[in-house]
Amino acid sequence: MTSSIDVSLGEVAASLVLVAVAVALSFWRRADLERDIGIAVVRSVIQLTAIGYVIQAIFDEDSLALVVALITVMVVFGAVQARQRAGRVPGSFVPLLVALGVAGASTLGLVVALGIFEPEPRFLVPVGGMVVGNAMTAAAVALNRLGDEMSDRSREIEATLALGATSTQAAAPTLRRSLRSGTIALIDSTKTTGLIFFPGTMVGMLLAGADPTDAVRLQLILLYVLLGSVAIAALLATTLAYRNFFTAAHQLREPPEP
Amino acid sequence: MEPCPAEPRHAILRGGSIITAVLFQLEGVGYSRGATPVLRDLTARLPHGASCVAGPSGSGKSTLLRLLNRLADPQEGRVLYRGEDVRERDPLELRREVCLVPQLPALLDGTVADNLRFAAELGGDEPDVVRLLDLAGLDASFAERDAARLSVGEQQRAMLARALAVDPRVLLLDEPTSALDADAREAIEATLRDLRRRLGISTVLVTHDVAQARRMAEWVVRIDEGRTVQQGAAAELLGVS
Chain A
148 MTSSIDVSLG EVAASLVLVA VAVALSFWRR ADLERDIGIA VVRSVIQLTA
198 IGYVIQAIFD EDSLALVVAL ITVMVVFGAV QARQRAGRVP GSFVPLLVAL
248 GVAGASTLGL VVALGIFEPE PRFLVPVGGM VVGNAMTAAA VALNRLGDEM
298 SDRSREIEAT LALGATSTQA AAPTLRRSLR SGTIALIDST KTTGLIFFPG
348 TMVGMLLAGA DPTDAVRLQL ILLYVLLGSV AIAALLATTL AYRNFFTAAH
398 QLREPPEP
Chain B
227 MEPCPAEPRH AILRGGSIIT AVLFQLEGVG YSRGATPVLR DLTARLPHGA
277 SCVAGPSGSG KSTLLRLLNR LADPQEGRVL YRGEDVRERD PLELRREVCL
327 VPQLPALLDG TVADNLRFAA ELGGDEPDVV RLLDLAGLDA SFAERDAARL
377 SVGEQQRAML ARALAVDPRV LLLDEPTSAL DADAREAIEA TLRDLRRRLG
427 ISTVLVTHDV AQARRMAEWV VRIDEGRTVQ QGAAAELLGV S
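From first to last, the protein sequence lines are chains A and B.
Our numbering numbers the first residue of the first sequence as 148 and each following residue consecutively.
Our numbering numbers the first residue of the second sequence as 227 and each following residue consecutively.
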């Protein structure tokens, strides 16, 4: 892609009109979202501006070591953020860290190994950011569901343990449902892409003047990469985290109330 | 009736002669949920045959039952099964030998036969679905019924059939009739008596209903506030049914 567009700060500021509409709607319907919208806007400006400078610096240095460092920081922050959504899962940080790390490393490694992208910062940084971000959401949703199910279905799980099932066997239905929860949103959006909505990468490329065929092809690549990474992240996070609900003797640490 | 707590022994004596061997022995057992003590220095014995643990709600009956097949371990004291500390046993093998049927039905998604198959395969067997259903008082047509669409009484029987699918030597039954009306309760009690007669397995039944303990048990342990208050032959302790 060689084309580019210039975006002025004035144009960015103008888009805030839509934010004002959202605030007004929230105020009108008493949804109490004004403060959250304000925080979201301020954080997005600060975080995206900061990451813009970081990416610029990495592009200027053209260093793969800096790419790895940036993605490592994203993985750590992603795990911290996802842990808040997985509050009912004991010891969720390490499973999340491993899940995001493996999802990021394996998918980026594969796309480079398959020759889809060159091992250069200008490809790896944006793709890595998307992979870690989507993996974080998938792992957080999956662990959130896991925590709810382990609590809500503790009677069913203990009844299965009471037959002599291992903790893995007793938790298997819960793990299946958690994995589905973590991945179904992206699968559904992949099913409807192009029909109901245009995904971000494609929109960005079209706005930047790219050929629609190239925009579609790149979008397809990214969708498939993301499908793989969210599946890996959700599977690893749930597989590693469910063990924390059980003792080594296949007992529930928090048995159901009698 | 024996004094309580009694000295640990591996046989229960009456008039100086052994009447039956001890199946479970609990020695100074303490168990807490968080900061709340549930069982306190509890000592009791349960022989082979039909036993009941009776007591009011919240007395620790269900917790006691869960200690017998290591769904939980006591924080103090020990639980012996056939003279051996249960913590020395592999928990999975122990649970297949000493199988617990919980108070509320909790079947897996799928048909009744799916549930029986799952349980049997834990022990590496193929289930004889029709026989298992028959033992639990259900006819063969229940095999392909959706487990989630059964009545509570039917689910309780399906839970019983599922427990039998692992071919246990002991059944632990946690208030199996508490959610049932009088007719269904009598039918389940008849099934349990029939089961003992046909299979010769031992049962430990938890109940808050002393009359049920009198109907169902040869040996009774009465507990209250986490402690044993009485234990002995049901006929002596509760009177003949």
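Each residue gets a CB set at the ideal place from its N, CA and C atoms; glycine is no exception.
Using the C-alpha atoms, what's the distance from B/Leu334 back to A/Phe344? The sequence position of residue 344 of chain A within the first sequence is 197, counting from 1. The sequence position of residue 334 of chain B within the second sequence is 108, counting from 1. Their Cα atoms are separated by approximately 38 Å.
Quick check on this structure: which residue in A/Thr307, A/Gln398, A/Leu255, A/Gly280 has the alpha carbon closest to the alpha carbon of A/Leu271? Residue 271 of chain A sits at position 124 when you count from the first residue of the first sequence. Nearest option by C-alpha distance: A/Leu255.
Beta strand (DSSP E) segment containing B/Pro273, residue limits: Against the second sequence, residue 273 of chain B aligns to sequence position 47. According to the DSSP assignment, B/Pro273 belongs to the beta strand (DSSP E) that extends over 262 to 273.
Buried or exposed: B/Gly286, going by 16 or more other Cβ atoms within 10 Å of its Cβ? Here residue 286 of chain B refers to the residue found at position 60 when the second sequence is read from its first residue. Buried: at least 16 other Cβ atoms inside 10 Å.
Kindly indicate the opening and closing residues of the alpha helix (DSSP H) around B/Tyr307. Working through the second sequence from its first residue, we reach residue 307 of chain B at position 81. Per DSSP, B/Tyr307 belongs to no alpha helix (DSSP H); it is in the beta strand (DSSP E), 302 to 307.
C-beta neighbour in chain B for A/Arg302, strict 8 Å: Numbered from its first residue, the first sequence carries residue 302 of chain A at position 155. Yes, its Cβ sits closer than 8 Å to a Cβ of chain B.
With distance defined between alpha-carbon atoms, name the residue in B/Ala346, B/Ala387, B/Ala339 nearest to B/Leu399. By 1-based counting over the second sequence, the position of residue 399 of chain B is 173. Residue B/Ala387 is the option with its Cα nearest to B/Leu399.
B/Asp450 by DSSP, collapsed to three states: which one? In the second sequence, residue 450 of chain B corresponds to position 224, counting from 1. Correct three-state label for B/Asp450: strand.
Please state whether DSSP places B/Ala280 in a helix, a strand or coil. As a first step, residue 280 of chain B must be located in the second sequence, where it is residue number 54. Reduced to three states, the DSSP call for B/Ala280 is strand.
Alpha-carbon to alpha-carbon, B/Pro282 and B/Ala459: By one-based count along the second sequence, residue 459 of chain B stands at place 233. By one-based count along the second sequence, residue 282 of chain B stands at place 56. Each residue's Cα considered, the two are about 19 Å apart.
Coarse secondary structure for B/Phe344, derived from DSSP in three states: Against the second sequence, residue 344 of chain B aligns to sequence position 118. In this structure, DSSP gives B/Phe344 a helical state, which the three-state scheme calls helix.
How is the beta strand (DSSP E) around B/Val430 delimited, first residue to last? Counted from its first residue, the second sequence places residue 430 of chain B at position 204. First-last of the beta strand (DSSP E) with B/Val430: 428 to 433.
Is the distance from the Cβ of A/Thr337 to the Cβ of A/Leu374 below 8 Å? In the first sequence, the residue the question calls residue 337 of chain A occupies position 190. In the first sequence, the residue the question calls residue 374 of chain A occupies position 227. The answer is yes: Cβ separation under 8 Å.
Where do the N-terminal and C-terminal ends of the beta strand (DSSP E) with B/Val327 fall, by residue? Position 101 of the second sequence, counted from the start, is the residue given in the question as residue 327 of chain B. 324 to 327 is the span of the beta strand (DSSP E), which, as asked, contains B/Val327.
Return helix, strand or coil for A/Val236, following the three-state DSSP convention. Position 89 of the first sequence, counted from the first residue, corresponds to residue 236 of chain A. Of the three classes helix, strand and coil, the one that applies to A/Val236 here is coil, per DSSP.
Comparing C-alpha positions only, which one of A/Thr196, A/Leu195, A/Ala216 sits nearest to A/Ile205? Residue 205 of chain A sits at position 58 when you count from the first residue of the first sequence. Here the closest residue by C-alpha is A/Ala216.
Look up B/Asp400 in the DSSP assignment and say whether it is helix, strand or coil. In the second sequence, counting from the first residue as 1, residue 400 of chain B sits at position 174. DSSP places B/Asp400 in strand when its eight states are reduced to three.
Helix, strand or coil for A/Val154? Go by DSSP, reduced to three states. In the first sequence, residue 154 of chain A corresponds to position 7, counting from 1. A/Val154 falls in the coil class under three-state DSSP.
May I ask which residues mark the beginning and end of the alpha helix (DSSP H) holding A/Pro273? Taking the first sequence and counting its residues from 1, the one referred to as residue 273 of chain A is at position 126. It spans 268 to 299 - the alpha helix (DSSP H) in which A/Pro273 sits, taken as one unbroken run.
B/Gln382 burial status per 10 Å Cβ neighbour count (16 or more: buried): In the second sequence, residue 382 of chain B corresponds to position 156, counting from 1. The residue in question, B/Gln382, is buried, as its Cβ has 16 or more Cβ neighbours within 10 Å.
With a threshold of 16 other CB atoms inside 10 Å of the CB of B/Pro402, please say whether the residue is buried or exposed. Residue numbering aside, residue 402 of chain B sits at position 176 when the second sequence is read from its first letter. It is buried - the Cβ of B/Pro402 has at least 16 other Cβ atoms within 10 Å.
Limits of the alpha helix (DSSP H) - the one that A/Phe393 falls within: Within the first sequence, residue 393 of chain A is the residue found at index 246, counting from 1. Here A/Phe393 belongs to no alpha helix (DSSP H), and DSSP marks it neither H nor E.
Let me know the alpha helix (DSSP H) ranges lying completely inside the segment 319 to 386 of chain A, each 4 residues or longer, listed in chain order. Entirely contained in the segment 319 to 386 of chain A, the alpha helix (DSSP H) runs reaching 4 residues are, in chain order, 347 to 354.
On the CB-based measure, 16 or more other CB atoms within 10 Å of its CB, does A/Arg400 come out buried or exposed? Numbered from 1 along the first sequence, position 253 holds the residue referred to as residue 400 of chain A. Taking all protein chains in view, the Cβ of A/Arg400 is surrounded by fewer than 16 other Cβ atoms within 10 Å, so the residue is classified as exposed.
B/Cys278 CB to nearest chain A CB: under 8 Å? On the second sequence, position 52 is the one that residue 278 of chain B refers to. With 8 Å as the cut-off, B/Cys278 does not count as an interface residue toward chain A.
Tell me whether A/Thr394 counts as near the ligand SAM, meaning its Cβ is closer than 7 Å to at least one heavy atom of that ligand. No copy of the ligand SAM occurs in the structure displayed, which carries no ligand at all.
Grouping DSSP H, G and I as helix and E and B as strand, with all else coil, what is B/Gly254? On the second sequence, position 28 is the one that residue 254 of chain B refers to. If DSSP states are grouped into helix, strand and coil, B/Gly254 belongs with the strands.
Excluding the 5 residues flanking A/Arg230 on each side, which residues of the same chain have their C-beta closer than 7 Å to its C-beta? For this step, residue 230 of chain A is matched to residue 83 along the first sequence. The answer, listed in chain order, is Ser239, Phe240, Leu243.
With a threshold of 8 Å between beta-carbons, can A/Glu296 be considered close to chain B, or not? Taking the first residue of the first sequence as 1, we reach residue 296 of chain A at position 149. Interface criterion not met: the Cβ of A/Glu296 is under 8 Å from no Cβ in chain B.
A/Asp183: first and last residue of the uninterrupted alpha helix (DSSP H) it sits in: Mapped onto the first sequence, residue 183 of chain A falls at position 36. Note, A/Asp183: alpha helix (DSSP H), 181 to 208.
Of the residues B/Val324, B/Val338, B/Thr262, the one placed nearest B/His274, counting alpha carbons only: Your numbering for residue 274 of chain B matches position 48 in the second sequence. Of B/Val324, B/Val338, B/Thr262, the residue nearest in Cα terms is B/Val324.
Please classify A/Gly262: does DSSP put it in a helix, a strand, or coil? Walking along the first sequence from the start, residue 262 of chain A turns up at place 115. The DSSP-derived three-state label of A/Gly262 is coil.
Minimum C-alpha distance to A/Gln398 - residue among B/Leu464, B/Asp365, B/Asp299: Position 251 of the first sequence holds residue 398 of chain A. Nearest C-alpha to A/Gln398: B/Asp299.
Would you say A/Ile308 lies against chain B (beta-carbon separation less than 8 Å)? Taking the first sequence and counting its residues from 1, one reaches residue 308 of chain A at position 161. According to the sequence as given, residue 308 of chain A is Leu; it is not Ile. Output row for A/Leu308: interface = yes.
Could you confirm whether any beta carbon from chain A is found closer than 8 Å to the beta carbon of B/Leu359? Taking the first residue of the second sequence as position 1, residue 359 of chain B is located at position 133. By this cut-off, B/Leu359 is not an interface position.
So that I know if they touch, is there some Cβ in chain A lying closer than 8 Å to that of B/Arg322? Along the second sequence, read from residue 1 onward, the residue named residue 322 of chain B stands at position 96. Output row for B/Arg322: interface = yes.
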